[in-house]
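Structure record follows, encoded as structure tokens.
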Amino acid sequence: MKRPLYFIGLMFVVAAAHAEVQGKEVSYEADGTRLKGYVAYDDAVQGKRPGVLVVHEWWGLNDYARKRARMLAQQGYTALALDMYGNGKMAHHPDDAQKFSSEVSQNEALAKARFEAALALLKQQKTVDADNIGAIGYCFGGSVVLNMARLGEPLKVVESFHGGLKTSHPAEPGVVKARLASFTGEADPFIPAEQVAAFRQEMEKAGVTPLVVTYPGAMHSFTSPDADKLGKEFKLPMAYDAAADKDSWSKGMALMSEAFKAK
């Protein structure tokens, strides 16, 4: 039986309406601590696809981290915005953010356990190709993902956006498995030029050739639209830079695509 054209068109619209990015809150554990996360994927993508961990800024697992997870889902990946603080704890003042982030960054075993718990959860998702996993991070999260790469986590690609580059555990030859990228602002006092130069030197000694991009005039948190407001409120040297945000995302997604295609 022939169906009317309007009916066929209606069915197409309904199907399109259901093919979109899906997001869900999830819970998991690491060493007895409850952690919260957010998984995003596009249900229009068929079969398994690479998975990407998103590590939040020092504010904690907030809507910005979820937004980036959804943007990754729009690129065809399954993304998990994870929780490094426990119980979805968030900071609303720099003093608390500094305290929470220091508790994790100064405890390598704790950071590794919480990262690996999220990694295991991501690999368990039915939409994820467990052999193709990457990680991105912002500010504090950028430092976290780079340190996980230094520890040899089984990741194809690791990208840090305005994340600190210093480490007490320099990369050793043959340990880093991931393609690396670092995007920083040249006007960011938290990541001065000498820190970028030291990172390049560290990676050269480790036999790794990272993508290192610096943006003239860009300040800390240049990818976050809330940076202007937060910078003024707390008198912090941070500001949004739309051009640097767009360019770093574009370059990051290109590197990610290459890394996942490589065998």
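Residues -19 to -1, 1 to 244 (mature numbering (1 follows the signal peptide of the UniProt record, and there is no 0)) are what the sequence shown spells out, left to right.
Here a beta-carbon is modelled for each residue, glycine too, at the ideal position from N, C-alpha and C.
- When rounded, the separation of the alpha-carbon atoms in Pro173 and Gly144 is 12 Å.
- DSSP lists Ala21, Val33 as the beta-bridge partner residues of Ala60.
- For Ile117, the beta-bridge partners assigned by DSSP are Val35, Glu140.
- Put simply, the backbone Cα of Met71 is about 14 Å away from that of Arg15.
- Counting C-beta pairs closer than 8 Å gives three or more between the region 1 to 20 and the region 95 to 105, which meets the contact rule.
- Secondary structure note for Tyr196: it is in no alpha helix (DSSP H), and the uninterrupted beta strand (DSSP E) holding it is 192 to 196.
- Comparing alpha-carbon positions, the option among Ser163, Arg131, Ala25 lying closest to Lys93 turns out to be Arg131.
- Phe164 counts as buried, since no fewer than 16 other beta carbons sit within 10 angstroms of its beta carbon.
- Counted as a single uninterrupted DSSP element, the alpha helix (DSSP H) harbouring Gln105 occupies residues 89 to 105.
- Rounded to the nearest whole angstrom, the C-alpha separation of Met52 and Lys232 is 14 Å.
- Distance from the CA of Tyr45 to the CA of Val189, rounded to the nearest whole angstrom, comes to 30 Å.
- Around Leu136, the same chain offers Ile114, Gly115, Ala116, Ala159 as residues with beta carbons nearer than 6 Å, after the five sequence neighbours per side are excluded.
- Contact between the region 17 to 27 and the region 61 to 68 is present: 3 or more CB-CB pairs across the two stretches fall below 8 Å.
- Cβ atoms of Ala235 and Met219 stay farther apart than 8 Å, at about 26 Å.
- Going by C-alpha positions, Phe96 is about 28 Å away from Glu1.
- If you draw a 10 Å sphere on the C-beta of Ala224, you find fewer than 16 other C-beta atoms in it, and that means exposed.
- Shown here, Val157 sits in coil according to DSSP, grouped into three states, outside any helix or strand.
- Assigned with DSSP and collapsed to three states, Gly41 falls in strand.
- Around the beta carbon of Phe215, fewer than 16 other beta carbons lie within 10 angstroms, which makes this residue exposed.
- Per DSSP, Glu10 is one residue of the beta strand (DSSP E) stretching across 2 to 11.
- Under DSSP, Phe180 forms no beta bridge with any residue.
- Assigned with DSSP and collapsed to three states, Asp222 falls in coil, not helix or strand.
- Annotation for Leu211: the continuous alpha helix (DSSP H) segment containing it runs 208 to 215.
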